[in-house]
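Protein chains: 2
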Amino acid sequence: MIALTPVGVVRGGRGVVVDDYWGDSRATIELADHVPTESLDGIEAFSHAEIIFFFDRLDDTSIVTGARHPRGNTAWPRVGIFAQRGKARPNRLGATIVQIEKRDGRTLHVRGLDAIDGTPVVDIKPVFAEFLPREPVRQPAWSHELMRDYWKREG
Amino acid sequence: MIALTPVGVVRGGRGVVVDDYWGDSRATIELADHVPTESLDGIEAFSHAEIIFFFDRLDDTSIVTGARHPRGNTAWPRVGIFAQRGKARPNRLGATIVQIEKRDGRTLHVRGLDAIDGTPVVDIKPVFAEFLPREPVRQPAWSHELMRDYWKREG
Chain W
19 MIALTPVGVV RGGRGVVVDD YWGDSRATIE LADHVPTESL DGIEAFSHAE IIFFFDRLDD
79 TSIVTGARHP RGNTAWPRVG IFAQRGKARP NRLGATIVQI EKRDGRTLHV RGLDAIDGTP
139 VVDIKPVFAE FLPREPVRQP AWSHELMRDY WKREG
Chain H
19 MIALTPVGVV RGGRGVVVDD YWGDSRATIE LADHVPTESL DGIEAFSHAE IIFFFDRLDD
79 TSIVTGARHP RGNTAWPRVG IFAQRGKARP NRLGATIVQI EKRDGRTLHV RGLDAIDGTP
139 VVDIKPVFAE FLPREPVRQP AWSHELMRDY WKREG
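Sequences listed follow chains W and H, in order. Residue numbers for the first sequence follow this note's numbering, so the first one is 19 and each next one is one higher. Residue numbers for the second sequence follow this note's numbering, so the first one is 19 and each next one is one higher.
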């Protein structure tokens, strides 16, 4: 077993769990009390960061360890939980690349974070272009269909 | 506190911790006994996956929670641990995008995983192009210099 301690928490953003329309999402990450302020020094030199967070609102009984249709949509193939990005997964970790808007002391302002208010953050990593895929990305049609409205704006 | 259970382990690859020359790195991820085989079904439709793993060889005393020069190199600025990707970080999580070479039952063959033999894996997420940066990536000069030999081949 591995024990993690949150290093921060998501504030603002959306208050409820929804699948789509994260395009307008602005939120802040507030450092936890035990983390020094200087842990964020220099982060504004990066345009993007990856936020690793914990889906704390999910209870254990909803976790899928095998396979399922993504979003329960039977028009899409039944695939393993490690072939999809749904949140009801073992260890309940999310990992999302966000735009860094501003760093203000112990607060990081971000855009495009698909985590709701109060979500515990377990890591913040700056995005290096050298760690992005260095070859063309191939993915199945269902995954493009699933993402169709994900980054759209609400309303 | 958040408790994670490894879902797999890294096999093969390199046996020792080094900073650079990961270009030849081929490894497998073997599912843990409690994880069903079908959790990997359909993953071969994706070219890349992000592996989230735990730097288990690091002891607690080496963790940096504030700021330091990346790799101890004073030619580079002293920046916060969340403005660098070094492994001696709070919660000791690594997150690396790899190429998927083959899935064989409970084994995933990958390329470009910068984790050593025996490293616990806590999540496997398929790479969706829609979750990569949708804007140009900006990063400081030191981070490009640090990555200069990272993906080169050994020797």
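By construction, the Cβ of each residue, glycine as well, lies at the ideal position given by its N, Cα and C atoms.
Check H:F72 in the structure and name its three-state DSSP category. strand
Distance cutoff 8 Å, beta carbons only. Does H:T92 sit that close to anything in chain W? no
If you drop the 5 nearest sequence neighbours on each side, which residues of the same chain put their C-beta closer than 6 Å to that of H:T137? The residues are V28 and F71.
Would you be able to state if there are at least three C-beta pairs under 8 Å between the region 89-109 of chain W and the region 50-68 of chain H? yes
Whose CA, out of H:R152, H:A85 and H:D141, lies closest to the CA of W:S65? H:R152
Which residues in the same chain as H:P158 place their Cβ atom closer than 6 Å to its Cβ, once the five residues preceding and following it in sequence are excluded? Excluding sequence neighbours, H:P158 sits near nothing in its chain.
Can you tell which of H:R103, H:A63, H:E62 and H:R107 has its C-alpha closest to the C-alpha of H:T79? H:R107
Mind checking H:E163: buried by the 16 CB within 10 Å criterion, or exposed? exposed
Take the Cβ of H:K120 as the centre, count every other Cβ of all protein chains shown within 10 Å, and call the residue buried at 16 or more, exposed below. exposed
Give me the chain W residues within the contact set of H:L131, using Cβ-Cβ distance strictly less than 9 Å, ordered along the chain. Chain order gives no chain W residues near H:L131, where near means a beta carbon separation below 9 Å; the closest approach is about 12 Å.
By Cβ distance below 6 Å, which residues in the same chain neighbour W:L49 in space, the five residues on each side in sequence not counted? G26 and R124
Pick from H:I61, H:L76, H:R171 and H:R103: whose alpha carbon is nearest that of H:P88? H:R103
Where the region 138-157 of chain H meets chain W: residues whose CB sits under 9 Å from a CB there: P138, V140, D141, I142, K143, P144, V145, F146, A147, E148, F149, L150, P151, R152, E153, P154, V155, R156 and Q157
Let me check one thing: in DSSP terms, what residues is H:H52 bridge-paired to? Per DSSP, none; premise fails for H:H52.
When the cut-off is 8 Å and only beta carbons count, does H:H87 lie next to chain W? no
Taking C-beta pairs closer than 8 Å, name the residues in chain H that W:T83 reaches, listed in chain order. H52, V53, P54 and S57
Spell out whether any CB of chain W is found under 8 Å from the CB atom of H:F73. It does not: the Cβ of H:F73 has no partner Cβ on chain W nearer than 8 Å.
How many whole angstroms separate the CB atoms of W:G130 and W:S43, which I take to be in contact at a CB cut-off of 8 Å? 6 Å
Grouping DSSP H, G and I as helix and E and B as strand, with all else coil, what is W:I47? Three-state result, W:I47: strand.
Residue span of the alpha helix (DSSP H) that contains W:H162, given as start and end: A159 to L164
Cα separation between H:L76 and W:M19? 15 Å
So W:R29 is in the beta strand (DSSP E); what residue range does that whole segment cover? G26 to G30
Beta-carbon contacts of W:P24 that lie in its chain and below 8 Å, excluding the five residues immediately before and after: These residues qualify, in order along the chain: A50, F72, P138, V139 and V140.
For H:P95, the three-state DSSP class (helix, strand or coil): coil
Quick check: is the beta carbon of H:I134 nearer than 8 Å to any beta carbon in chain W? no
Residues near W:E148 in its chain [Cβ-Cβ closer than 8 Å; skip 5 each side]: none
With distances taken Cα to Cα, identify the nearest neighbour of H:A67 among W:P154, W:G90, W:R166 and W:V128. It is W:P154.
How many Å lie between W:A93 and W:D132 at the Cα? 25 Å
Between H:I175 and H:I142, which are expected to be in contact by the criterion C-beta below 8 Å, what is the C-beta distance as a whole number of angstroms? Outside the shown range of chain H (19 to 173) lies residue 175 of chain H, about which nothing can therefore be said.
Would you decide whether W:N91 is buried or exposed? Buried here means 16 or more other CB atoms lie within 10 Å of its CB. W:N91 should be labelled exposed.
Just verifying my parser: in three-state terms, what is the DSSP assignment at W:A67? strand
Kindly identify the DSSP beta-bridge partner or partners of W:H87. W:H87 pairs with nothing; no bridge assigned.
Drop a sphere of 10 angstroms on the beta-carbon of W:A21, count the other beta-carbons inside from all chains shown, and report buried for 16 or more, exposed for fewer. When all chains shown are included, W:A21 counts as exposed.
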